[in-house]
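Engineer: This is the structure, below, for whatever I ask next.
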Amino acid sequence: MNNEVKKRLDWVKLYESIGVAGVVCMRCVISRPTLRKWIKRYKEFGIDGLNEHSRRPHKIYTQITLEDEHRVLDLRDNRKLGHRSIANEMKRLYDRSLYLATAFKWMFANSGQALSKNCNR
């Protein structure tokens, strides 16, 4: 059992002995939501529940496919569109929602520079 788990176990045991979350939080200098989280995990999983869980998302979705990347670059190169227009055109032409930041990221990563302000004029 590492130090973090021991510390959390002490918080839970102190809460079980006193029964008042406010006092425990003041003594241990933690917030009430933190105490509630560890009490809930301790009740559900025992001491194993006091280990830190990964904060990594369970699923990471690919926001843009290789085909979409080629479409974005094609719209940029052939029609000289900016990231806002590209996101709108992707939705209109291909029914693909695309975040503005994603469109900008792919444009900038593949060309190395942003379009100038006068490119459409």
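The sequence shown begins at 5 in this note's numbering and counts up by one. For glycine and all other residues, C-beta sits at the position ideal for the given N, C-alpha and C. Small disclaimer: the values here were computed from a predicted structure and weren't measured.
Jot down the residue ranges of each uninterrupted alpha helix (DSSP H) in the segment 8-75, minimum 4 residues, whole runs only, in chain order.
Structural biologist: As far as the segment 8-75 is concerned, its whole alpha helix (DSSP H) runs of at least 4 residues are 25-32 and 36-49.
Engineer: Taking only the alpha-carbon atoms, compute the straight-line gap between residue 36 and residue 15 and give it to the nearest angstrom.
Structural biologist: Here the question's residue 36 lines up with position 32 in the sequence shown. Here the question's residue 15 lines up with position 11 in the sequence shown. Straight-line Cα distance between these residues: approximately 11 Å.
Engineer: Say whether chain B places a C-beta atom closer than 7 Å to the C-beta of residue 108.
Structural biologist: Checking the listed chains, one finds no chain B in this structure; it contains a single protein chain.
Engineer: Could you tell me if residue 69 is buried or exposed, where buried requires 16 or more neighbouring beta carbons within 10 angstroms of its beta carbon?
Structural biologist: By 1-based counting over the sequence shown, the position of residue 69 is 65. By the neighbour-count rule (16 or more Cβ atoms within 10 Å), residue 69 is not buried but exposed.
Engineer: Residue 82 by DSSP, collapsed to three states: which one?
Structural biologist: By one-based count along the sequence shown, residue 82 stands at place 78. Of the three classes helix, strand and coil, the one that applies to residue 82 here is helix, per DSSP.
Engineer: Check for me: the alpha helix (DSSP H) holding residue 103 runs from which residue to which?
Structural biologist: Translated into positions along the sequence shown, residue 103 becomes position 99. From DSSP, residue 103 is part of no alpha helix (DSSP H); its letter is neither H nor E.
Engineer: Measure how close the beta-carbons of residue 94 and residue 100 come, nearest whole angstrom, since I'm counting them as under 8 Å.
Structural biologist: Walking along the sequence shown from the start, residue 94 turns up at place 90. Walking along the sequence shown from the start, residue 100 turns up at place 96. The pair is a contact, with the Cβ atoms about 5 Å apart (cut-off 8 Å).
Engineer: Name the residue from 54, 72 and 82 whose alpha carbon lies nearest to the alpha carbon of residue 103.
Structural biologist: Locating residue 103 in the sequence shown gives position 99, where the first residue counts as 1. Per the Cα distances, 72.
Engineer: For residue 106, count neighbouring C-beta atoms within 10 Å of its own C-beta (all shown protein chains included) and say buried if the count is 16 or more, exposed if not.
Structural biologist: By one-based count along the sequence shown, residue 106 stands at place 102. Looking at its Cβ environment, which holds 16 or more other Cβ atoms inside 10 Å, residue 106 is buried.
Engineer: Classify residue 65 as buried or exposed, calling it buried when 16 or more other Cβ atoms lie within 10 Å of its own Cβ.
Structural biologist: Your numbering for residue 65 matches position 61 in the sequence shown. Label assigned to residue 65: exposed.
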